[in-house]
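All remarks here apply to the structure that follows.
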Amino acid sequence: MQIVTTREFRANQKKYFELAETETVFVTRKNKRPIVINVAEDDYIPKRDLVGELRGALQQMKDHMDGKIKLKSLDELIDEL
0 MQIVTTREFR
10 ANQKKYFELA
20 ETETVFVTRK
30 NKRPIVINVA
40 EDDYIPKRDL
50 VGELRGALQQ
60 MKDHMDGKIK
70 LKSLDELIDE
80 L
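Using numbering that gives the first Met the number 0, you'd call the opening residue of the sequence shown number 0 and step up by one each time.
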């Protein structure tokens, strides 16, 4: 964990962005809460959204195969745009 001032961060952004690859960097601000800089989990955020979409698509295909719904044709989908 590294704690730096706003001035130090502005002067050496590249250094602190690279440091954030391996540890959390806190940027202090006068009379305000500090800002936390760390690397986002690239795979974690999209996976959560993607799982919901895939489950919905799978259910739609199951309903179609069971005859519960009729899928739209390509022309119908284009007309909706």
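Every residue, glycine too, gets a C-beta built ideally from N, C-alpha and C.
Expressed to the nearest angstrom, what Euclidean distance is found between the alpha-carbon atoms of residue i and residue j?
i	j	result
Y15	R9	9 Å
M64	E20	47 Å
T4	R28	7 Å
Q58	K69	13 Å
For the alpha helix (DSSP H) containing residue i, name the first residue and the last one.
i	result
I68	Taken as a continuous stretch (DSSP letters only), I68 belongs to no alpha helix (DSSP H), as it is neither H nor E.
L18	12–18
L73	73–79
By the DSSP assignment, the beta strand (DSSP E) with residue i in it spans what residues?
i	result
K29	That residue, K29, is in no beta strand (DSSP E); it is neither H nor E in DSSP.
Just grab the DSSP bridge partners of residue i for me.
i	result
N2	Reading off the sequence shown, one finds Ile at residue 2, where the question assumed Asn. DSSP lists F25 as partners of I2.
V35	F25
Keeping to the same chain, check which residues put their C-beta closer than 8 Å to that of residue i; ignore five residues upstream and five downstream.
i	result
Q1	Y15, L18, E22, T23, V24, F25
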